[in-house]
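To keep things clear, I will list the structure first and then write my remarks on it.
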Amino acid sequence: MVSTRIALIPESNNNRPMLKMTPRYITIHETANRNRGANAEMHRRFLANGGGSEGVSFHWAVDDIEAVQMIPENEVAWHAGDGYWGRGNQQSIGIETCVHADGNWEQTLANLADLVVEIMARHKIPLENVVQHNRWSQKDCPHDLRVQGWDVLIDMIKARIDPQPDPNAWHFTETDKWVINTPEAPILSFYKAGGTKEVYGLPLSGMVRRDDGVYEQLFENVLIESWPKGWAGRPGPYVRLGGLGQRYLAQKKA
1 MVSTRIALIP ESNNNRPMLK MTPRYITIHE TANRNRGANA EMHRRFLANG GGSEGVSFHW
61 AVDDIEAVQM IPENEVAWHA GDGYWGRGNQ QSIGIETCVH ADGNWEQTLA NLADLVVEIM
121 ARHKIPLENV VQHNRWSQKD CPHDLRVQGW DVLIDMIKAR IDPQPDPNAW HFTETDKWVI
181 NTPEAPILSF YKAGGTKEVY GLPLSGMVRR DDGVYEQLFE NVLIESWPKG WAGRPGPYVR
241 LGGLGQRYLA QKKA
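Just so you know, we're using full-length UniProt numbering here: the sequence shown kicks off at 1 and counts up by one.
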């Protein structure tokens, strides 16, 4: 996770309007400052000193080391360029992404994605409300991300919101059972290759090791076996269908 630091600019600053806000969006900017050393701390000092001739402000700046907060997230900041009453200024948290020459861009993006996910959770902001500065002012910002592809950031955020499951362990909430891979019993790989629950059905038991050393797991439609030392002259581990599952057996009895 990204390291965060709170360093609010003075309440007396003209670029801190002290207007209350309920954030509904997160607006992604880039600083456009390629100079060496133009990191998050440098931009904090820029805001603390008044935000330049236009008196700009933003809530966060993020680089490859840290994310620094300068305006509370429930206060308006002047970052969107859509006017005093614009939704960008009045309803969005602005994040400036550093692009300095001596920074690590990939790490900066990772830190940005971490920060966005944290803010989304705090304020219940949906992913569709994570937007580019361009949304509010038609400015070519965030430039590098627009060139690289906006989906690069969105995909990083999605991966943090909904992490990919362990490729060697699937949990089935319907039956509260796991299907897993182990070196001696790659049953999950066999299950995936065979058509998953549409063919084999849901798991009805966990994987067990029989007295003969063979692993087995019962599904609705089949019994899957794994023979660690091989089966019928085929090298191990060898996974095969060992019989019919509970559903087929029930139909047969009927």
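All C-beta atoms, glycine included, are put in the ideal place defined by N, C-alpha and C.
Worksheet item: Quick one: what's Q69 bridged to in DSSP?
Response: What you label residue 69 is simply residue 69 of the sequence shown in a count that begins at 1. Answer is I6 and W60.
Item to complete: With H29 as the anchor, note down where its beta strand (DSSP E) starts and where it stops.
Response: Walking along the sequence shown from the start, residue 29 turns up at place 29. Unbroken beta strand (DSSP E) run through H29: Y25 to E30.
Fill in: Member of E54, V62 and I9 whose CA lies at the smallest distance from the CA of residue 260
Summary: the structure shown does not reach residue 260, with the chain confined to residues 1 through 254, and so no result is reported for it.
Worksheet item: Roughly how many whole angstroms lie between the Cα atoms of G236 and R135?
Response: The sequence position of residue 236 within the sequence shown is 236, counting from 1. The sequence position of residue 135 within the sequence shown is 135, counting from 1. Roughly 57 Å separates the two Cα atoms.
Discussion item. I'd like the ranges of any alpha helix (DSSP H) spanning at least 4 consecutive residues and lying wholly in the segment 151–199.
Written reply: With a minimum length of 4 residues, the continuous alpha helix (DSSP H) runs that stay inside the segment 151–199 are 187–193 and 196–199.
Worksheet item: Can the beta-carbon of H79 be found less than 9 Å from the beta-carbon of N35?
Response: Walking along the sequence shown from the start, residue 79 turns up at place 79. Walking along the sequence shown from the start, residue 35 turns up at place 35. It is not a contact, given that the beta carbons lie outside the stated cut-off.
Practice prompt. Measure the alpha-carbon distance for R24 versus G51 and round it to whole angstroms.
Written response: Taking the first residue of the sequence shown as position 1, residue 24 is located at position 24. Taking the first residue of the sequence shown as position 1, residue 51 is located at position 51. Using only the alpha carbons, I get a separation of about 24 Å.
Discussion item. Quick check on DSSP: helix, strand or coil for I125?
Written reply: Here residue 125 is taken as the residue at index 125 of the sequence shown, counted from 1. Under the three-state reduction of DSSP output, I125 falls in the coil class, being neither helix nor strand.
Discussion item. Taking contact to mean 3 or more Cβ pairs, one atom from each stretch, closer than 8 Å, check whether the segment 62–78 and the segment 6–16 are in contact.
Written reply: By the C-beta criterion, the segment 62–78 is judged to be in contact with the segment 6–16, since at least 3 inter-stretch pairs fall below 8 Å.
Discussion item. According to DSSP, simplified to helix, strand and coil, what is R135?
Written reply: Counting from 1 along the sequence shown, the entry for residue 135 is found at position 135. DSSP places R135 in helix when its eight states are reduced to three.
Item to complete: Could you pull out every residue in the same chain whose Cβ sits closer than 6 Å to the Cβ of D212, ignoring the five residues on either side in sequence?
Response: As a position in the sequence shown, residue 212 is number 212, starting the count at 1. Around D212: no qualifying Cβ.
Worksheet item: Looking at L109 and M156, is the spacing between their C-beta atoms short of 9 Å?
Response: The residue labelled residue 156 in the question sits at position 156 within the sequence shown. The residue labelled residue 109 in the question sits at position 109 within the sequence shown. Result yes, Cβ atoms of M156 and L109 sit closer than 9 Å.
Fill in: Identified DSSP bridge partners for I93
If you number the sequence shown from 1, residue 93 lands on position 93. Within the DSSP secondary-structure output, I93 pairs in a beta bridge with I26.
Worksheet item: To which residues of the same chain is T4 closer than 6 Å at the C-beta, ignoring the five residues directly before and after it?
Response: In the sequence shown, counting from the first residue as 1, residue 4 sits at position 4. Sequence-distant Cβ neighbours of T4 in its own chain, meaning closer than 6 Å and more than five residues away, are A67.
Discussion item. Quick check on A113: buried or exposed, where buried means 16 or more other Cβ atoms within 10 Å of its Cβ?
Written reply: As a working mapping, residue 113 is identified with position 113 in the sequence shown. With a 10 Å radius around the Cβ and a threshold of 16 neighbouring Cβ atoms, A113 comes out buried.
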